[in-house]
Every structure is written in structure tokens, then in C-alpha cells.
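Engineer: One line per chain: the protein sequences are A and B, in this order. Residues 2 to 292 in the working numbering are what the first sequence spells out, letter by letter. Residues 9 to 1195 in the working numbering are what the second sequence spells out, letter by letter.
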Amino acid sequence: MKLTISNLSKTYPNGVMAINNLDLQIGAGMFALLGPNGAGKSSLMRTIATLQRPDSGSIYFNDIDVLSNPTSLRKVLGYLPQEFGVYPKISAESLLDYFAIIKGISSKKDRKTIVQEVLELTNLFDARKKAVHGYSGGMKQRFGIAQMLLNNPNLIIVDEPTAGLDPAERSRFLNILREIGASNTVIFSTHIVEDVKELCTDMAIVNGGRVLKHQTPNASLREIEHHIWTKTVTHSQLEVSELNYSVLSSSYNQDNTINIRVYAEDIPGEDFTRTQPQLDDVYFIALKKDH
Amino acid sequence: MFTSIFFFEIKYWLKQPSTYVFMIIMTLLGTGVMAGYAGVFDDAVSTQPIPKLANSAINIHRIFSVFKELLLILLPIVFGQTIYRDFSSGVHSVFYSYPFLKVNFYLAKFLSAFAIMVLVSLFLGVGCVLGTFLPGVDANLLGSFSLTTYGVEYLVFVWPNILAFGMMIFVSVALSRNIYSGFVVAIGIVVTQQILGRLFVSTDNMTLFSLFDPFGAVPLQYYTYLWTVTEQNTLNLPVTGLVLYNRLIWLAIGVVIFIIGYTQFSFTQTVRFFRWSRAKATKVIKNNFGSVTKIYLPTVHYDFSFFAQLKSCWLMSDADFKYIIKSGPFRVILVIGFISVLFTLSQMNPQYATKLLPVTWLMLLFPVFFFLMVVNLLTFLYAGMLIQRARAAKMDQLLGSSPVGDWVLVVSKFFALVKMQVVLLALVGMAGLIVQTVNGFFDYNFGHYLFHLFVLNLLGCVIWACLAILMQTLFTNAYLGLFLLILGAVGLSELQMLGIENTLFRYNQNPDPDFILSYSDMGGYGAGLLPFLAFKIYWLIGGLILLFISWLFWIRGVDTAIKTRLSFARLRMKRPALTLFSILLLTFISLGVTIHYFDDQNEGASTLETDHDINVDLLEAALQPRVTDVKLQMDIYPKTRSFEAQGQYILINKTDRSLDSLIVSLKSGVISSYWLNVDFQSLYNKRDLDILELLIPLAPGDSLIMDFNVKNIPNTVFQKNSPIEENGTFLTSHMFAPTIGYRSDQFDIADASDSSALQHMYRSSDADFINFEAVVSTSSDQTAIAPGYLEKQWTMEDRNYFKYVSDSKVTNDYVFNSGVYDLYTDVWRNTTGEAVDLTIYHHPAHTYNLERMMNGLKAGLDYNSKYFAPYQHRQARIIEFSRSLGNYGQSYANTLPLSEMSFVADIDLSNEGSLDKLFGGIAHEIAHQWWGHQAIPAGVAGYAMITESMSEYVALKVIEHEYGKDMVRVYTKLSLEKYLKERGRKTEQENPLVSNSGQDEAHVPYEKGSLAMYMLSGYLGEDNFNAIIRDYLSQVRFTDAPYTTAEEMANFIIDRTPDSLKYLVNDVFKTVTLYDNKVDQVDVKFINPNEYHIKIKLDIRKFRSGESGIRIYSDHGDTNAISLPLKDYLEVGVFANGQEIYLKKHLFQAVKSELVIVTNQKPDKVAIDPYYKLIDTDLKDNYMSIQ
């Protein structure tokens, strides 16, 4: 199970370079794409999902040449875009049946069985007669998963799936994803670093269409262990601190003082204390280096 | 705030490329059509004495009318999109929370769209003006430019229409939040107009309906339909009365809808629209707890084989099809369409002169004009909706990343469209069956319904569907796609104007521009079916190629940039696809080449050059022997649609000189050969003309024998070269028999003053009366008929033979019929008591009108033999022929071939104002046995007065005697209207009856001639008039050359007319005289319940008609005259409760006059010339109602 992306580039007609000579290898398991808005995550995912043509480069999934033989990839692909809609006035059950047809299940009985199964897996069975159009955000995302499962995919691409979900929905969604990810390749993009920590076996931080860092979460944490320092400052000191230190993040305390986190080989000042590295730190370090 | 929204919208539209596309198209269309009217595409300069001017007000209106539907279709696009954009982009939830004042928003949106439409529509006018400056414009055809003309057109018609319809469309989209409801309204408007157009039957009901014509065309027609060319060229459009009311009514309807729409419109987010049922409100509570166990998906079989994909394709098309039939626009249009088809089929305004029985082919014929248009429109519309469907629902990425093949997506949309078309066409069949059933007509022909709708019609629709898929795939804007498709569909028929004449290059067109695939109960679709199908299959393959191209450029995913689409196309154009494409392309090209080859083959056969490099006048004047005996053996082969004939002429030199030459004219379109029993040598030989020198000159009184063989040019795959039908053949001698002597043009009628032409009768130029006998053979299931009495009948080699011999004087033109017939017989007694056998040979199923026909036949025989002369034969036969050969009847010696159309005529006399045209029509045909066969005019201008005017007069008279004067009034009014209408179309000077050739102006001998005879009969008294006619007939009956003329007949009548009425006979026969009579004012004085004094003021004007219908009020060039001098008798009538209570002729000697009539009943109507006996240019003001 291996997705290999080489020298991938894509420039939009309006001049924006969404993917810039990108190389990436992704194995089995959960893979997180981290990056700020506009980093090129969605473009990359759409390109892998055969919905967009790159200007140059190549993508292989196992031995499938994705760019010249998109249909082969689509047979094993599950894709959930960041935002999607469905035909109005059609129930979840009929819509899933429609997707099952599209995904090549030509026997009516087979379709019925699998639709039933995915409805139950995603906890939508009770709402199966309702129009998906009227579902809440979380239910709609689950419907997205349900349709994705219909072709029993090996490569799953989900684009910011947890945005806008309430905590319960979010955890349920991630659980399903984790299950699938156990034996397949799951790529999912997010800017919620916490999601990554809970789930992912591998991750890449991208910005400006390039991979800034590609490492497992654990390894990257290990790398900066002992190099993250923290200090409490007042509002007026913040600017000075940012000039003097490599401030990764800052957060307010209840008393309106600010905690800053700083990356440094050795203790940057006497009032700093060492602290446990977090994935956020990795993310910010990567972005900072890019500037 | 109003202004900011308004200008925001205007700016939006001015930034849209589609706005400019519309402007450019409008300009081009205006330019093109104007150029057409101004003669840019004509080769020669116009030689018409008074041409129809391109810049005249009515012509400008005509041009704008051509595009009124196109402008209408733009309205939903512009008005609809203006308001719909907010919903479709989803900004409305944000937008509508802004503190706009509703009124500002509503008005600004509407007015901005209106402004854009006004702007776009202006370009049509700009195009028209540009068209007049093109090189090649014929200045004679142009007329002068007038800004007022355009101003009136825009202010009275174009912009009020945009305003009124725009309001309706705007409201429907605003309230339904669905742009397609705008299209529904637009189609509804067109349907309304179509229905009203059909209702406009005559002046009787025109007033009411003209008020409700949405486009304002009918009221305008009301004032202008009898305009002569001069009037058309000079007059401005009448912006008064009905036209104004019509405009105000529609504007009012628009405003009312607009205001109601305003009160209903709100910024709330849910749709307010009519729903058939309301969804039950149920709570959806999600389950917030519960965790995931292991995922075990059941094993199912994934099948991506071709057949599995095809099955998916079918199932997916089901989903799309369901979407179509559940959508509002479809349902509304379906209902409207169904009603309009039912309406059309009920023949409120019959397309043919007579209403027809609801036979199956008729049920299928009418919807073709209108309903196929609706089917195509829906195809264009839904192609766009289906292709944009996933993207509009934002489901395109889910679909795009699924493993379904691209072609499955394309083809499933195509299938869905075809399914929709099948449903729509089935509806036409259903409507037909309903109409048949309601009318108690149970001779259903299901096979014909199925074949016509689901093979012939569906093929055409499917081919359009392919183009629709392509266009809607290429253009991501569905409205632009729709507009271009409509434009293309309309424009294809105009391509020949641009020089693309070959239909092989015109998408989905028929073999040639005037090709009509007509169906006959007798002969089926005939020879046209094969070429029709060949072209359809050719274009179907063309359509598949378009589908292929659609697939290449199909958008899958999110990127619509051209670069990406090309990259996808390259990716898709791989091996198996490439092979398929090559096969399609090769098939398409080779089919095209084959069709072209067969077409070409035919071209050589049908064009015969008849340019002769010899002195034509000398040739025409050459004395020739006359045909006295004709013997024929005619073999008809219905299955192969061909014939072969062997014949023999005996020619006698009837002159007093020796003749040393013989001129033989052969018919074009057949293969002929001949032999003489004397020695000759050929002097000149050119395909259809031989000049022979007789080596021993033919002495006066001597004869020679000419034998000949004729057969049709062999039929090709695509072209039938013979008039033979599979069933219901009608073959006349003019189509095949060689003639003696030369006529440069057999349709060219000699001038009345040409004395040498008096030697030839109008029916043939090489014989006087002849002896005729013929043996006709045909296939074993058919009966063949020729003029004469059946002497012998036998069967040989599985073919039927019939021998017919004439024993009385017949003319040298004859006819052969062959078909599968049933016989309907009767006997009629001649004045001498001799029995005359009457037979109707009819298609077995066509038994509907036999009795009526028989009665007409007898009535005609009775009337003519009572008043004029005995019938000369012992039999009379009516023979049905296929409607593929025409819709008319002809009269040969005791033989009346009559089109199938008469046999399925629906004569229903239960309604007031109905007319038994069939009864009269048969009487007309049999009357020709006198008027044409006993009185035989010379072949000079005016001849049709003796043949047609008299026969039509007899028809009027038998109707009068059978049904009464009221029915005659219906008939004469129709005739008069037809005459006036036809006359208005003519630019040439109309010739009076005595010198009218009848060519291109059949309305003169038929309508005007019969009215003239009928009027004289009324003025002189029927018995008196008929006695004069009898005396005339007895003088000319069966006389040889020189033959009689209309001049002779007219003079004969004038001589025997009292002096006071001589002017009248002179007016109708020798001049073109018209009246414009009207009742000015009526006052009734009540004396007592039994005495009323009616004071009537009348206006009587009489004039002669000049070129282009110009009115001439003086025979001496007095330009101030307002009428010719009057000393005329006109009927004045008074009516009460529909009954005539007073009718008398009064002498009028001045234009203005006043008279007092005393009646003993309370009158309610007064009329001048109430029975339309005189030719009156304005029928509307002859009657006046009394308040």
C-alpha cells in the first residue's frame, strides 16, 4: 500500500501556484496533511482524487498510474470533499443505492445488502428514509463516509472532515476513520493539530504547495524534545519577546497575562522553563522555517 | 439604495459575455433577414412593377415578428437570472438580511433587467438598419427609412411585450425561486398565442380573440389582412382600437401580476410556492452516543464490464428521468402541451379548407408542427439541467471520484432525455386516441401511431438530443446553451440562404427543404420513407459523433479551464475510443457519400434542358395533322411504382394543304420511342422534341399511324420518377403521352386575341374530339380504371386486365387510376329517361362520405341537365386517389378522380354556419362534364370563366337548393374573403375574368367568377339567367375548332341583359371593379308596435383596381373623384332576430345617400348588400346593429 507523488506541480489560470514541485510518499495507515488555509492541501487531494489534472509530475498508487489511468484508481478510492451537497428531495437510502450503481455494484441484492450495512455503520439507519439534503452537518458527514465505504476503498481521502462538527460527532467520525485506516491508506487534511495527535501514524506539513516536513508525529516530537521553552509575559512585553525569541505560539491566561512558547536549543532566558513539546510546536516550527 | 442595486445589476450584466453574445446575435439576425427582404441574396434585380418594400412599416413588423419568440426566450434568462442569481449562489440568506427596503429591491431588480432587455432588443433594429446598407441591396425593394416606423414597432409591440411578459416571468421566478418556472411562463405565452392563432377563423370572431393575443399580432392582422401591396408599402401600422386595447390589456395583466408578486414576495428564506401536498413535519433527532465497532463490509460483486456499465447507465438514466418528470417545469409544460394538442386536434380552425375526420394520420400530422417544437425545447432545456445537475447540487466531486466511466455519465443523460421524449410523444398518441374516441371515430390504427411517433418522430428528436448534449457540455452556462440551441434549430433551415444548400451539411434536416413525408391511408408513406430514414440514420450517426465529442470534453471534477478539458480529451482519446470514433466517422462519411451518389444519379435524370435553338414561333404556328384515334395498352406496376405503355395514334390532315413535316413533342420525365407507318427523315432531334420531314407529304384528308412506347425513368433508391403509387395511382395523359405539334410552354395560356390559338381547345392542342380505347393492367389485387365503358375484364399471368372503350365524343386527355377499391353504386335517370350508372371507387375503409358524394353527384347531374343540356354519358364514376398526389379533384370524360382527402372530410351540418363543401365540390366536378366537356373553350386566357366559374356557380346553386340561402351566404363570404386576401398578395395588375389566364390567380375564375355568376343569377333571376346560359351552351355545344371564348360568352350575356343592368355584367366580366360600401348611420323611429321607420345613411363607393391593388375612381383620370359614377342597384336588407324582414334592390346614384324603410317588426340590424353579392373590399362595415 503505497502512494507515491513525484514532482507534482499545478498552477491555476489566475496565476496561483497551488502545488509546487511536490514529492511525497505515503504508506498504509492514517496520514495527516497539515497546513494553513490556502496551503494547497485541497488542490493536492483533488489531484490525487482525479478531479484535477496537474501540469506536471506523476502519482502512483501501488502500481496504478493515477494520471493516465484515473478509472483504476477510482475503483479503490474513497473521497470526501471539504464541502459537498446532494440531489435534493432524495432519501439517504435511494441516494446510496444510486452511488452503489455508480460504484459498479450491478446486482440489486448486493446493493441492498451493502447499503444497509453502511447505513448501520454510520448510524444513519433510522434516518435512511429522510432526504439527505435536510441532514445536520454531522449526519451529512456520516453520509459522506457511508457513500465512501460502498466501494470498499483502499485509498481514502478526506478533506477537513471535522470542521464544524460538535465534539461528539467529531469523535465518532474520527473513530470510523481510524477503523478504516487500520488496513488502508487514509489521507486527511486538517488544521486541527489535536486530530493528528490522536490518530495519525504519519503526517506532512505543507505550505505554498510544498512539503515542509514529512515525519511521523512521534519522531517529530522526539526531535524537539528539550527545545521548547515557556514563559509568562504581560501584554506589553509580548512584542519585545517576539523580536528576541522564536515565539511559536502564545495564549492568554485568565489574568490577562500571556504564555509564550519558544523554540531554542538552549534555555533562551532565565525566566524560561522547559516544557513538553506538542505537535503544535512542530507545526509552527515548520511554518516559521519556511519564511 | 434603489440606484445602487440598479446600477450594480446593470454592471453585472454588462460584464457578462453572454450579454454581448445576445447583442451580436440580434444584430446579425436583423441584418440577415433585412438583407433577405432587400434582395441581397437574389441574383437578379427585381422586375416587379410594384415590389413589396423592405422598409415598409408592415415589413419591419414582419421582421420583428420572426424573432418575437427568440426575444421571449431571452426574458427568463435575463429577468429570471437577475433574481435567481441570489438563490442559486446561496447569497440570498446573507443578502436578504441586509436592511433593504423590499420595494427598492424588487423594483431595482426588475427595472435593471428591463433596461438590459431594452438594450439587447435595440440591436435587432440596429441589425435591420445595417442590413439595408449591405452591398447587393436592391434599391427598388428598399423604400425609404423611417425612424417613426421603428419607433412605433418598439413602443407599441417590442417593449410593451418585454415589459408585460418580463413582469410575469420575473414574478414567477421570484416566488418559485426556480429559474425554469420562467421558461414555463414563456412557453405558456407561446402556446396561448398558438391557440388564439388557430381560433382566428374569420372576421366573425376575430374581434374578441384579437384582444387576447399576447404579441398583439392578431389585432394588427385584423386591420391589415386585406391590405393590397400599395397599402402595405405606404401605410403606417394602425395603432388604434383593437391594437391599443390589446396592448393595454396585456400590460394590465402584467402589472397586476407584478403587484401581486410584490405582495407575496418576501425576504424570508423558504420558498413560497404552490405545492400539491405538504411534507409532514417530523423531527430528526440525531443519536449523539454510540461508538464504532469493527467495520466488516459484506462482500459484494463489483462489475465494471461493458454490459454492467451499460446497465448502470440505464439505472442512472432512470434517476435523471425521474428527476425530469418530477420537476415543475416539465409537468406544467406537459399539461399545457397536452391541452394545446387536444385543442389543435379538435380542428377549431381546420388547416385544410374542410374539416377532416380524425383519421390517424391527421392525429399525427397536426402535433408535428407545434408539439415537436415543445419536445425539442424541453430537450434543449433539460439537457442543460441534467448536465449541470450534479454541479448545481455540489455532488459533482462525489460523482467525479467514483469509478463510473465517463461515457456512462454522458450516455445516461442522453438516455434520460430520450425517455422523456418517448413520454412526450406517447402523449401525442394518447391525445390522438382521445380525440378519435370522443368523436366516435373508432378506426384506430395503433401500428401507425407507434411507427410514426416512436420511429419517425423519435429519430428526429433523438438527433436533436445529441446536439443538445454536446452544446450543453461545451457551454457551462446552461442558458447560453439553451439560447444557442434554439437559435441553431431555427437557423438551420435558413442555412441555404448562406449558400449551404446541400442538406447533407445541415444537421437533422430532411432530404430537401420542401420534403414532406406525407401518409396516405391508401399508399402509406410511399417512396419518401426510404430517403427520410436514410437521412435520419445518417444524422443519427452524426449525432453519435457529437455524443462522442461530448464525452471527450465532459467535465469531470472541478476544473473547467479549457486547458484541463483538452488534457482530459487527450487522455480519453485512446485506443478503443479511437477505433470507435474512426468507425463512426467512416460510417458517417460513407453514408453521406452514398446518399450524395444516389442523389446525384437522380439529378441527371430529372433535369431536361428545353432550350431550343430554333424559331419557336414558327414551330408553334406550323400546321399539323390532328389526333383522331387513341388506342393504349397501359401496364401499371404498383409494387415497383412504375408503368409501361404502348399506344397508337391515328393522325389525319384536317387542313386543306399538304403537310410535309411532323413535330413530335415528348414528355420530360419519361422514356419514349415511336414509329410511323410512313417514311420520314429526322430534321431536328433534341430529347423532348423531334421534327420530322415526311418524305411523301400528307395530303388533305389523308392519315398516318404513329405507334409509341413510353415508360418511366427507372426509380432510384431515393427518387421516385413516376406518378405510380403503391395504391391509389392517378396517372394523366399529360404525364406521359407524346403530343403532336409544339408548345413552348404547355402552361402558357395564349392571349385572348390570338386567333390562331382559337383552333386549339384548352385541354389539348393536338386533337379535337377523339375515339378512345384502352387496355389497362395492374397487379392482381387492384382495379384499374380509364375513361370509357368497361368492355372486357380478364386475368393473365397473375395480373388484372381491363378494356375500356369510349363511344361518345371525348377530348384528348385521359387518366388511369389503379388501386384496391370497394364499389358503391347507384343509378340516376337522364332527362331522356336513360339510366346512368353511378359508381364510387373507394378505399375499403373510407366509407364515411359515400352517400353525401352520391347526392352531390346526382344534384349536379340534375341541375345541369335541367337547366343546360342532357348528360352525354351512360356512366359517371368517382375514383379515389392517394393524398400523396394532391388534394383536389379533376373531371375527365365520365371519370372524376378525387383525392383521398375528400373521402375523409368531416362534414357536420349540425352547427350554425356550417357548409357542405363536399356536396358542392362533387357537384362542381360533375358540372365540368358540361363546362369543359360540352362547352369547350379555346386554350386562351379567360377559358376558366367557362369551366371553373360556371362549375363553381353550379356548386353554389345546388347548395342553395339543397340547404337554403343561409348556407350559400357562408360560402359566398368565404369565397369573397379568399378573393380579397389573394388579391392583396398580388403585385401585378389583375386581369378581368374574360382575359384572366387563371395561372397564379385561380382566385379570379374560381372565387370571383362564381360570385359574379351567382350575383347575375340573383339580379336577373335564376331562370332568366340560366336560360341565357342554356342558349349559349346550345350554340357552342360539342363544336370543333374554332373554339369558344369567355369574351364570346360575356358578350352573349350582355346582349341579353336589360339595359339598366348591362353595366353590372360589364363590370364583373370585363373590368376589375370593386365596391367599398358601408352603413354610415341608422335611426329607428317607433311609430307603433307594427310600424317602424328606419332612416339609413349609406356610403357607396365603386372603383377599379389597378396595379398592386391601387384604387382608380375615374375612368378618365379624374384624380379628385371618390367613386366611379354610380347608377347601380344594391340590395338593402333589414333583419330582426336573425331573420330577414326586408330585402330589396335600390338604385344608388351618389356616394352619400339616405333612405327610409318601413317595417312592421322591431329591426335589430341593417345591411347594405347583406349577402355579399358584390365584391366589397371591407366586409366589416356592411352591417350595422341597431341599439
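In this text, a Cβ means the ideal position worked out from N, Cα and C, and glycines have one as well. Since we're looking at a predicted model, the values are computed, not measured.
Once the 5 residues before and after T123/A are set aside, which same chain residues still bring their CB inside 6 Å of it?
Structural biologist: If we look at T123/A and ignore the five residues flanking it on each side, its Cβ neighbours are R143, I146 and A147.
Engineer: Report yes if the C-beta distance between L1069/B and L1019/B is below 8 Å; otherwise report no.
Structural biologist: For L1069/B and L1019/B, no; Cβs fall outside 8 Å.
Engineer: Determine, using beta carbons only, whether R751/B and E888/B come nearer to each other than 8 Å.
Structural biologist: Taking 8 Å as the Cβ cut-off, R751/B and E888/B do not qualify as a contacting pair.
Engineer: Determine, for Q405/B, whether the minimum Cβ-Cβ distance to residues of chain A falls below 8 Å.
Structural biologist: Output row for Q405/B: interface = yes.
Engineer: Along chain B, in chain order, which residues have C-beta atoms closer than 7 Å to that of E94/A?
Structural biologist: Result: empty, since nearest Cβ-Cβ is about 13 Å, beyond 7 Å.
Engineer: Pairs of beta-carbons, one from the stretch 81 to 94 of chain B and one from the stretch 144 to 158 of chain B, closer than 8 Å: are there three or more?
Structural biologist: Not touching, per the Cβ criterion.
Engineer: Determine contact between the stretch 228 to 235 of chain A and the stretch 200 to 208 of chain A, defined as no fewer than three beta-carbon pairs at a distance below 8 Å.
Structural biologist: With the cut-off at 8 Å, the stretch 228 to 235 of chain A and the stretch 200 to 208 of chain A do not touch.
Engineer: Using the C-alpha atoms, what's the distance from Y692/B back to Y1040/B?
Structural biologist: Distance between the alpha carbons of Y1040/B and Y692/B: 44 Å.
Engineer: Are any of the Cβ atoms in chain A nearer than 8 Å to that of A289/B?
Structural biologist: Any reading at A289/B must be qualified, since the residue scores a pLDDT of 49, below 50, and its modelled position is unreliable; no value is offered.
Engineer: I'd like to know whether the C-beta of A327/B is nearer than 8 Å to at least one C-beta of chain A.
Structural biologist: Yes - at least one Cβ of chain A is within 8 Å of the one on A327/B.
Engineer: How would you call M140/A, buried or exposed, if buried means at least 16 neighbouring beta carbons within 10 angstroms?
Structural biologist: Buried, since its Cβ has 16 or more Cβ neighbours within 10 Å.
Engineer: Report the residues of the stretch 249 to 276 of chain A with a CB closer than 7 Å to any CB of chain B, ordered along the chain.
Structural biologist: Cβ contacts with chain B come from no residue of the stretch 249 to 276 of chain A.
Engineer: Quick check on this structure: which residue in G190/B, G600/B, P1133/B and S730/B has the alpha carbon closest to the alpha carbon of L548/B?
Structural biologist: L548/B has its Cα closest to that of G600/B, out of G190/B, G600/B, P1133/B and S730/B.
Engineer: Select from the stretch 547 to 571 of chain B all residues with a C-beta closer than 8 Å to any C-beta belonging to chain A, and list them in chain order.
Structural biologist: Here the close residues are R564, G565, V566, D567, A569 and K571.
Engineer: Between which two residues does the beta strand (DSSP E) carrying P905/B extend?
Structural biologist: Looking at the DSSP string, the run of the beta strand (DSSP E) that includes P905/B is T903 to S907.
Engineer: Could you tell me which chain A residues have their CB closer than 9 Å to the CB of S1203/B, listed as they occur along the chain?
Structural biologist: Because chain B in this structure spans residues 9 to 1195, residue 1203/B falls outside the shown range and cannot be described.
Engineer: How should K994/B be labelled, buried or exposed, when 16 other C-beta atoms within 10 angstroms of its C-beta is the threshold for buried?
Structural biologist: By the 10 Å Cβ count, K994/B comes out buried.
Engineer: Taking DSSP as the reference, what is the three-state secondary structure of S26/B?
Structural biologist: Here S26/B sits in helix by DSSP.
Engineer: In the DSSP assignment, what residue or residues form a beta bridge with E1148/B?
Structural biologist: Answer by DSSP bridge pairing, in chain order: F1143/B.
Engineer: Is D221/B buried or exposed, if buried means 16 or more other CB atoms sit within 10 Å of its CB?
Structural biologist: It counts as buried.
Engineer: In the DSSP assignment, find the unbroken alpha helix (DSSP H) run with S787/B in it and report its ends.
Structural biologist: S787/B -> not in any alpha helix (DSSP H); beta strand (DSSP E) instead, spanning A775 to S787.
Engineer: Can you tell me whether W802/B is helix, strand or coil according to DSSP?
Structural biologist: Of the three classes helix, strand and coil, the one that applies to W802/B here is strand, per DSSP.
Engineer: In chain A, what lies closer than 9 Å to D311/B by C-beta?
Structural biologist: Ordered by position in chain A, the residues that pass the 9 Å Cβ test against D311/B are G105, I106, S107 and S108.
Engineer: Would you mind working out which of L394/B, I267/B and T248/B sits nearest S325/B, comparing C-alpha positions?
Structural biologist: Of L394/B, I267/B and T248/B, the residue nearest in Cα terms is L394/B.
Engineer: Using three-state DSSP, classify D1189/B as helix, strand or coil.
Structural biologist: D1189/B falls in the coil class under three-state DSSP.
Engineer: Please confirm whether D66/A has its beta-carbon closer than 8 Å to some beta-carbon of chain B.
Structural biologist: Not one chain B Cβ lies under 8 Å of D66/A.
Engineer: Just to confirm, is the Cβ distance from N820/B to V1044/B under 8 Å?
Structural biologist: The answer is no: Cβ separation not under 8 Å.
Engineer: For M9/B, count the other beta carbons within 10 Å of its own beta carbon; 16 or more makes it buried, fewer makes it exposed. Which is it?
Structural biologist: It is exposed - the Cβ of M9/B has fewer than 16 other Cβ atoms within 10 Å.
Engineer: Using alpha carbons as the reference points, say which of L78/B, Y310/B and L216/B lies closest to S107/A.
Structural biologist: Checked all of L78/B, Y310/B and L216/B; the closest Cα to S107/A is Y310/B.
Engineer: For F1201/B, does the three-state DSSP call read helix, strand or coil?
Structural biologist: As shown, chain B starts at 9 and ends at 1195. That puts residue 1201/B outside it, with no answer to give.
Engineer: For a contact meaning CB atoms closer than 7 Å, what does P306/B contact in chain A?
Structural biologist: T114, I115 and E118, listed in chain order.
Engineer: Buried or exposed, going by whether 16 or more other CB atoms sit within 10 Å of the CB of I1183/B?
Structural biologist: Under this definition I1183/B is a buried residue.
Engineer: Give me, in chain order, the residues of the same chain whose beta-carbon lies closer than 6 Å to that of D404/B; leave out the 5 immediate sequence neighbours on both sides.
Structural biologist: A398, listed in sequence order.
Engineer: At a Cβ threshold of 8 Å, is S409/B touching chain A?
Structural biologist: At least one chain A Cβ lies under 8 Å of S409/B.
Engineer: Run through the DSSP bridge pairs and tell me what D160/A is partnered with.
Structural biologist: D160/A pairs with S190/A.
Engineer: With 16 as the cutoff for other CB atoms within 10 Å, does G39/A come out buried or exposed?
Structural biologist: Exposed, by the Cβ-count rule.
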